[in-house]
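Asker: Numbering (this note's numbering), first residue to last: 50 to 271. Ideal placement from N, C-alpha and C gives every residue a C-beta, glycine not left out.
#1: Determine the burial state of residue 110: buried for a count of at least 16 other Cβ atoms within 10 Å of its Cβ, exposed for fewer.
#2: Looking only at its chain, what residues have a beta carbon closer than 7 Å to the beta carbon of residue 50, apart from the 5 residues adjacent to it on each side?
#3: Since I believe residue 154 is in contact with residue 182 (beta carbons under 8 Å), could you give me their beta-carbon distance rounded to a whole number of angstroms?
#4: Name the two residues that bound the continuous beta strand (DSSP E) containing residue 154.
#5: Rounded to whole angstroms, what's the CA-CA distance from residue 206 to residue 216? Just pull it up for me.
#6: Going by CA-CA distance only, name the one from 103, 127 and 55 that's closest to residue 76.
#7: Grab me the residues of residue 267's own chain with a C-beta within less than 8 Å of its C-beta, minus the 5 sequence neighbours each way, in chain order.
#8: Look up residue 135 in the DSSP assignment and give the residues it is bridged to.
#9: At the level of alpha carbons, what is the spacing between residue 125 and residue 246?
What follows is the structure, encoded as structure tokens:
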């Protein structure tokens, strides 16, 4: 018995692109187009009816764009596999797509050369990104590694209470407000602030606040 084909929903507002992608995919024996949509409303309805293995989305559509539609699908079904293809090559767009949870991100310049391999990779639970975005991916990985190193360093240097106080400082809370939140005295808060500065080698006016604000993303995960 042959393996079940990968079922695919194509979402693009351009009829020619929809037709071209459909013909490309249907020529593959291990793939089957189970739906074609020209807008978000059609895509949502067809996805509910057919439960495709992979959804291919154009990022630039009228009304709800590809990123917003991705967020909708991921909210409804976090395991849904999504590939976005786009003519936009900005780093901000790439990062927004990854943050939205896509498994694949393919340039329209290479979509007919890369899409089939991308579908197969994504269907297997892997990720697939056009090589044109490799620099963005490397920068993203390095940023994450730097973030993890910073988080680990803070966890090793400070106590849980000190980390919580530093997080509240990053939220612009005063010592009085922190004392009320933690049910401790203002003097105790001030002692903690002093200890944090010593451990982190911070000195000068507002040094602790500046440090807290510059590390807010890390502190929010404590």
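Answerer: In this structure, then:
#1: buried
#2: Reliability fails at residue 50, whose pLDDT of 38 lies under 50, so the model's placement of it is uncertain and the value that follows must be treated cautiously. Contacts found: none.
#3: 6 Å
#4: 153-156
#5: 14 Å
#6: 55
#7: 196, 199, 200 and 203
#8: 156
#9: 45 Å
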